[in-house]
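A short worksheet on the structure shown next.
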Amino acid sequence: MKESLCIPGELLEQLRQGSPCFYQNTKRRTLGSAKPLLPVGLEEIQDAEARLRRFAPLLRQLFPETAESQGIIESPLTPIPEMASRLGREGESVAGRLLLKRDDLLPIAGSVKARGGVYEVLRHTEELAVMSARLRTMESYAVLRKEREMFSEHTISVGSTGNLGISIGIMSAALGYRAVVHMSADARQWKKDLLRNHGVTVVEYEGDYTSAVARGRETAKGDPRHYFVDDENSVQLFLGYGVAALRLRRQLQQMNIPVDETHPLLVAIPCGVGGAPGGITFGLRQVFGDHVHCFFVEPTEAPCMLLGMATGLHQNISVQDIGLSGRTIADGLAVGRPSGFVGKIMEPLADGFLTVTDEGLLNYVKCLYESCGILVESSAAAGFALSRVLSEGQWACPHMGNATTVVWATGGGLMPEEIRQELLKSIGH
Ligand SMILES: *Cc1c(COP(=O)(O)O)cnc(C)c1O
41 MKESLCIPGE LLEQLRQGSP CFYQNTKRRT LGSAKPLLPV GLEEIQDAEA RLRRFAPLLR
101 QLFPETAESQ GIIESPLTPI PEMASRLGRE GESVAGRLLL KRDDLLPIAG SVKARGGVYE
161 VLRHTEELAV MSARLRTMES YAVLRKEREM FSEHTISVGS TGNLGISIGI MSAALGYRAV
221 VHMSADARQW KKDLLRNHGV TVVEYEGDYT SAVARGRETA KGDPRHYFVD DENSVQLFLG
281 YGVAALRLRR QLQQMNIPVD ETHPLLVAIP CGVGGAPGGI TFGLRQVFGD HVHCFFVEPT
341 EAPCMLLGMA TGLHQNISVQ DIGLSGRTIA DGLAVGRPSG FVGKIMEPLA DGFLTVTDEG
401 LLNYVKCLYE SCGILVESSA AAGFALSRVL SEGQWACPHM GNATTVVWAT GGGLMPEEIR
461 QELLKSIGH
């Protein structure tokens, strides 16, 4: 395989050895020249945001924890200067001001998956409700709470390493659907238990994420009452994630933080199959144009998106093809084969792709906890690895000193107490 791969030999060697890598995307374009290449645009994201607003009264009733935000699922954007200093002491530096996007606190799912997953379930629900004339225009969507019986005749299923299953499963079950989650071997026990407690059917597989998705897709085939959320190909998940960009713009405006020619925005997002970081990147480029720079961060044993981008092979190559295991403590990122749909869209949009070891992840979890008192799951700390790339001078842009760096903390909010204790123990607390 090695000889035939169109990828710098040195990078391939580093990947194979499990050393931390950085790959700068050579195909990035200005937004103007990227737009004609993209299958969807800002309009579709705005449409998704409007749909979420229509559903807000219903979410508010189903999930009391969203009452304060009027049924809108959003997370805080928090300055973490203490973490910036801590990274500095560790010999890694961030560009400009450091902010943490707290998707670990997102209601309903406690992870970034609440954005895409909840959105796709709601979109399907709107379609069903309109088709069966249960929803008249101008009516508040809160009436759908009374349609459990109709929804109970429908199944929503998904293949997952854990967090997507939680998002899709909890949202679907709350509306009354039959919910089925196909879990890969790396899924944590507590995530399966949580789902079963919500009345979700959990099917366990020996295989990895890719095979769990394939099996799920297969079981849904041919049944018009069975809707499968296809993490490897879903445009709807992608658009749901993209809404984050509109929300982030508002939050930055409220904090009086400029993003322009002389004030770049750097964003680092943990990456599994690519949907979440892809959707967010897509949205951010639409909103901030060429002033935003987006980086995907993956485990050294599961750098599927980096490999797909660097070779241009996308879903046609897996990390196992170059001898990596795909196994990592970062369960949300344990994906061996990337979404081809997302990879293609990222070619003109993303800035770079980097990897981090499991030990590196735990170290970031520890630093964040000790400096800010914030505990996230190991996957969710991956974004901090951007500071390594910057301090090693592997990537730079003009006006870096004026930059704002957003590290996207993607999950951990629903960790049960004993899992929190376990994680704390593994970082020496
Ligand atoms: C799923 C997940 C990601 C990455 O999302 P993908 O769409 O799989 O790329 C990042 N962090 C956490 C905690 C996740 O659960």
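First residue of the sequence shown: 41, per the working numbering; consecutive thereafter. Every residue, glycine too, gets a C-beta built ideally from N, C-alpha and C. Predicted, not measured: the structure shown is a model, and the values here were computed from it.
Classify Lys-45 as helix, strand or coil using the three-state DSSP reduction. Position 5 of the sequence shown, counting from 1, holds the residue named residue 45. Residue 45 is actually Leu in this sequence, not Lys. Reduced to three states, the DSSP call for Leu-45 is coil.
Using the three-state DSSP reduction, which class does Val-416 fall into: helix, strand or coil? Within the sequence shown, numbered from 1, the residue matching residue 416 stands at position 376. If DSSP states are grouped into helix, strand and coil, Val-416 belongs with coil.
Over the uninterrupted beta strand (DSSP E) stretch that includes Cys-334, give me the two end residues. By 1-based counting over the sequence shown, the position of residue 334 is 294. Unbroken beta strand (DSSP E) run through Cys-334: 332-339.
Using the rule of at least 16 other Cβ atoms within 10 Å of the residue's Cβ for burial, across every protein chain shown, is Met-295 buried or exposed? What you label residue 295 is simply residue 255 of the sequence shown in a count that begins at 1. Exposed, since its Cβ has fewer than 16 Cβ neighbours within 10 Å.
Candidates Leu-364, Thr-302, Val-283, Leu-347: which alpha carbon is nearest Arg-325's? What you label residue 325 is simply residue 285 of the sequence shown in a count that begins at 1. With distances taken between Cα atoms, Arg-325 lies closest to Val-283.
Ignore the nearest five residues each way along the sequence and tell me which others in Arg-174's own chain have a CB closer than 6 angstroms to its CB. Mapped onto the sequence shown, residue 174 falls at position 134. Once the five neighbours on either side are set aside, the close Cβ partners of Arg-174 are Glu-187.
Should the region 431-445 be regarded as contacting the region 142-161, the criterion being three or more beta carbon pairs within less than 8 angstroms? no
Which residue marks the beginning of the beta strand (DSSP E) containing Trp-448, and which one marks its end? Taking the sequence shown and counting its residues from 1, one reaches residue 448 at position 408. Going by DSSP, Trp-448 is part of the beta strand (DSSP E) stretching over 444-449.
To the nearest angstrom, how far is the alpha carbon of Gly-441 from that of Leu-305? On the sequence shown, residue 441 is found 401 positions in, with the first residue counted as 1. On the sequence shown, residue 305 is found 265 positions in, with the first residue counted as 1. Roughly 11 angstroms separates the two Cα atoms.
Between which residues of its own chain and Ser-180 is the CB-CB distance below 6 angstroms, once the five residues before and five after are set aside? Taking the first residue of the sequence shown as 1, we reach residue 180 at position 140. Once the five neighbours on either side are set aside, the close Cβ partners of Ser-180 are Pro-97.
In the region 380-437, which residue ranges form an unbroken alpha helix (DSSP H) of at least 4 residues, counting only runs that do not cross its ends? For the region 380-437, whole alpha helix (DSSP H) runs of length 4 or above, ordered along the chain, are 380-386, 398-412, 426-431.
Mapping the DSSP letters down to three states, classify Asp-361 as helix, strand or coil. For the purposes of this step, residue 361 is identified with residue 321 of the sequence shown, where counting begins at 1. Three-state result, Asp-361: helix.
Which residues in the same chain as Gly-199 place their Cβ atom closer than 6 angstroms to its Cβ, once the five residues preceding and following it in sequence are excluded? Taking the first residue of the sequence shown as 1, we reach residue 199 at position 159. Cβ neighbours of Gly-199 beyond the five flanking positions: His-222, Ala-252, Val-253, Gly-256.
So, using beta-carbon positions, are Ile-467 and Val-396 closer together than 8 angstroms? Stepping through the sequence shown from its first residue, residue 467 is reached at position 427. Stepping through the sequence shown from its first residue, residue 396 is reached at position 356. No.
Val-243 beta carbon near ligand 1 (any heavy atom closer than 7 angstroms): Within the sequence shown, the letter at position 203 stands for residue 243. Because no heavy atom of ligand 1 lies under 7 angstroms away, the Cβ of Val-243 does not count as near it: no.
Could you round the C-beta distance between Val-240 and Gly-209 to whole angstroms and report it? I think they count as a contact, below 8 angstroms. In the sequence shown, the residue the question calls residue 240 occupies position 200. In the sequence shown, the residue the question calls residue 209 occupies position 169. Val-240 to Gly-209, Cβ: 4 angstroms. Contact.
For the candidate residues Glu-301, Ser-197, Thr-302, whose alpha-carbon lies nearest to that of Pro-264? For the purposes of this step, residue 264 is taken as the residue at position 224 of the sequence shown. The option with the nearest alpha carbon to Pro-264 is Ser-197.
With burial defined as no fewer than 16 other Cβ atoms inside 10 Å of the residue's Cβ, what is the status of Lys-153: buried or exposed? Taking the sequence shown and counting its residues from 1, the one referred to as residue 153 is at position 113. So Lys-153 ends up on the buried side.
Cβ-heavy atom distance between Ser-115 and ligand 1 below 7 angstroms? By one-based count along the sequence shown, residue 115 stands at place 75. In terms of side-chain proximity, the C-beta atom of Ser-115 is found no nearer than 7 angstroms to any non-hydrogen atom of ligand 1.
Can you give me the C-alpha to C-alpha distance between Asn-65 and Glu-387, rounded to a whole angstrom? Position 25 of the sequence shown, counted from the start, is the residue given in the question as residue 65. Position 347 of the sequence shown, counted from the start, is the residue given in the question as residue 387. Spanning the two alpha carbons is a distance of roughly 7 angstroms.
Below 7 angstroms CB to CB, which residues in the same chain sit around Leu-45 once its five sequence neighbours on both sides are set aside? Counting from 1 along the sequence shown, the entry for residue 45 is found at position 5. Within the same chain, Leu-45 has close Cβ partners Leu-52, Thr-351.
Top-ranked residue by Cα proximity to Pro-119, from His-266, Phe-278, Ile-297, Asp-226: Translated into positions along the sequence shown, residue 119 becomes position 79. Of the listed residues, the one whose Cα sits closest to Pro-119 is Ile-297.
Cβ-based burial, Asp-144 [other Cβ within 10 Å; buried from 16]: For this step, residue 144 is matched to residue 104 along the sequence shown. Under this definition Asp-144 is a buried residue.
Inter-residue spacing [alpha-carbon to alpha-carbon] between Val-242 and Tyr-159: Along the sequence shown, read from residue 1 onward, the residue named residue 242 stands at position 202. Along the sequence shown, read from residue 1 onward, the residue named residue 159 stands at position 119. CA-CA distance, Val-242 to Tyr-159, rounds to 21 angstroms.
Whole-angstrom Cβ separation of Leu-373 and Ser-419, contact assumed at under 8 angstroms? For the purposes of this step, residue 373 is taken as residue 333 along the sequence shown, with counting starting at 1. For the purposes of this step, residue 419 is taken as residue 379 along the sequence shown, with counting starting at 1. Right, the Cβ-Cβ distance comes to about 5 angstroms (below 8 angstroms), so this counts as a contact.
Per-residue DSSP class, three states only, for Arg-367: Residue mapping note: residue 367 aligns to position 327 of the sequence shown, counting from 1. Residue state, collapsed to three classes: coil.
Grab the span of the alpha helix (DSSP H) containing Met-455 for me, first residue to last. Walking along the sequence shown from the start, residue 455 turns up at place 415. Per DSSP, Met-455 belongs to no alpha helix (DSSP H) and is neither H nor E.
Coarse secondary structure for Val-275, derived from DSSP in three states: The residue given as residue 275 occupies position 235 in the sequence shown. Residue state, collapsed to three classes: helix.
Just verifying my parser: in three-state terms, what is the DSSP assignment at Lys-261? Here the question's residue 261 lines up with position 221 in the sequence shown. Three-state DSSP puts Lys-261 in coil, outside helix and strand.
Can you tell me whether Tyr-181 is helix, strand or coil according to DSSP? In the sequence shown, counting from the first residue as 1, residue 181 sits at position 141. Note: Tyr-181 maps to helix in three-state DSSP.
Tell me which residues share the same chain as Ser-411 and place their Cβ nearer than 6 angstroms to its Cβ, disregarding the 5 neighbours each side in the sequence. Residue 411 sits at position 371 when you count from the first residue of the sequence shown. So the list reads Glu-122, Met-123, Arg-126, once near-sequence residues are dropped.
Quick one: what does DSSP say Ile-210 is sitting in, helix, strand or coil? By one-based count along the sequence shown, residue 210 stands at place 170. When DSSP states are grouped into helix, strand and coil, Ile-210 belongs to the helix group.
Name the two residues that bound the continuous beta strand (DSSP E) containing Ala-219. Position 179 of the sequence shown holds residue 219. Note, Ala-219: beta strand (DSSP E), 218-223.
Unbroken alpha helix (DSSP H) run spanning His-266, endpoints: Numbered from 1 along the sequence shown, position 226 holds the residue referred to as residue 266. Counting along the chain, His-266 falls outside any alpha helix (DSSP H), though it belongs to the beta strand (DSSP E) covering 266-269.
Closest to Val-332 by CA distance: which of Arg-142, Ser-133, Ala-390, Leu-430 is it? As a working note, residue 332 is residue 292 in the sequence shown. The candidate whose alpha carbon is nearest that of Val-332 is Ala-390.
Does the beta-carbon of Val-447 have 16 or more other beta-carbons within 10 angstroms, so that it is buried, or is it exposed? Working through the sequence shown from its first residue, we reach residue 447 at position 407. Answer is buried; the Cβ neighbour count reaches 16.
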